[in-house]
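Undergrad:
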């Protein structure tokens, strides 16, 4: 199997994990959100990345500590910005609903995660892949907008007889756009930590596994924000006793399973992006997010979330079709730079 094919297969495989990890969030009860999230964050952002990297990167801790201080700090800052973006996602939902929030955040995140590295890398705009990347990202934004609209129509049908609070569209939109921009920092942080991956390779790791050393550093920044917010809520709400809630074993298990799926997606994505070369920092992120949206909707359909919403589901299918076209265009751009 050639390197390009392997790289794309890894990104596709990562999207399956990324589109599936949210299933675990359906099983938080009886734990409070902040207790469940602290456990999940500890596994997803610290334990699993470190354990995986330790197994495949010789002298991992020497690699990380020998990296330039400015690179470590910058990578962690981008990880922290991503953490803030995740918190803002939750803050936007009460204002404009889950479907619209998800659509906006996914759209902005995928576009920013591709376009910011594209324009930050010197010479990228002059390469043959440039127009295809732009077209692919634009088509992906259209596709995500269509799927978000389908979700909104489904939600309207589901809550037609309920007295729901009036949405605050301007506030919700601002928060959702900020969430999308900050969430893209994860992809940017990965690119900024490239020298850490090179050090891992120099220590004996194969090229794609060197990417795991980068995540160890980036996700420390994300952990500080996520754990800090969880601890703040535990203190504010005085919900420390939630950790000892009876019959919480299933919730704890799902917090760990969701962590496995989430970092499994990120770790495999990093391997695929690395194998793609420089263009991987640009196109792998939107491809993974686009395909993960399809996977997420497959799970939603299997859980009967679209039952009784025939017209919105037809709109969703059209959005998925457009999304596949966007992924094909973006993927094709990765074959053009030689």
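In the numbering used here, the protein residues as written are 520 to 857. Glycine included, each C-beta is placed from N, C-alpha and C at the ideal position.
Would you mind working out which of 794, 600, 561, 618 sits nearest residue 864, comparing C-alpha positions?
TA: The chain is shown only over 520 to 857; residue 864 falls outside these bounds and no answer can be derived.
Undergrad: Go to residue 565, then tell me how far its alpha helix (DSSP H) extends in each direction, as first and last residue.
TA: No alpha helix (DSSP H) holds residue 565; DSSP gives it neither H nor E.
Undergrad: If distances are taken between C-alpha atoms only, which option among 543, 777, 730, 832 comes closest to residue 799?
TA: 730
Undergrad: Just to confirm my understanding: we take residue 706, look at its own chain, exclude 5 residues before and 5 after, and list those with CB closer than 6 angstroms. What are they?
TA: 632, 804
Undergrad: Once you ignore the five residues that flank residue 696 on each side, which residues in its own chain have a CB closer than 6 angstroms to its CB?
TA: Here the set comprises 627.
Undergrad: Count the CB pairs spanning the stretch 741-758 and the stretch 710-726 that are closer than 8 angstroms, and state whether there are at least three.
TA: Flag = no, the stretch 741-758 and the stretch 710-726 do not touch.
Undergrad: Any contact of the stretch 529-537 with the stretch 767-784, i.e. 3+ C-beta pairs under 8 angstroms?
TA: yes
Undergrad: Go ahead and label residue 642 buried or exposed: buried means 16 or more other beta carbons lie within 10 angstroms of its beta carbon, across all protein chains shown.
TA: exposed
Undergrad: Quick one: which unbroken alpha helix (DSSP H) runs of 4-plus residues sit fully inside the stretch 608-635? Chain order, please.
TA: none
Undergrad: Indicate, with yes or no, if the ligand ADP has a heavy atom lying under 8 angstroms from the CB of residue 850.
TA: For the ligand ADP, the structure offers nothing, since it holds no ligand at all.
Undergrad: Can you find at least 3 beta carbon pairs, one from the stretch 836-844 and one from the stretch 662-674, that sit closer than 8 angstroms?
TA: Touching, per the Cβ criterion.
Undergrad: Beta-carbon within less than 8 angstroms of residue 638's beta-carbon, same chain only, minus the 5 sequence neighbours each way: which residues are those?
TA: 644
Undergrad: Of the residues 854, 776, 703, 671, which one's Cα is nearest the Cα of residue 563?
TA: 776
Undergrad: Using a Cβ distance threshold of 8 angstroms, determine whether the stretch 808-827 contacts the stretch 550-569, with at least three qualifying pairs required.
TA: no
Undergrad: Give the range of the alpha helix (DSSP H) segment to which residue 551 is assigned.
TA: The continuous stretches of alpha helix (DSSP H) do not include residue 551, and DSSP gives it neither H nor E.
Undergrad: Taking the alpha carbon of residue 655 as the reference point, which residue from 569, 753, 593, 802 has its own alpha carbon closest?
TA: 802
Undergrad: Taking only three categories from DSSP, how would you classify residue 831?
TA: helix
Undergrad: Any beta carbon of chain C sitting closer than 9 angstroms to that of residue 692?
TA: The chain inventory of the structure shown lacks chain C, comprising one protein chain alone.
Undergrad: Please go through the same chain and pick out, in chain order, the residues whose beta-carbon is closer than 6 angstroms to the beta-carbon of residue 828, but skip the five residues on each side of it.
TA: 673, 676
Undergrad: To the nearest angstrom, report how far apart residue 621 and residue 593 are at their CA atoms.
TA: 27 angstroms
Undergrad: Given residue 532, which residues of its chain have a CB within under 6 angstroms of its CB, disregarding the five upstream and five downstream residues?
TA: 787
Undergrad: Which same chain residues, not among the five before or five after residue 606, have their C-beta less than 6 angstroms away from its C-beta?
TA: 748
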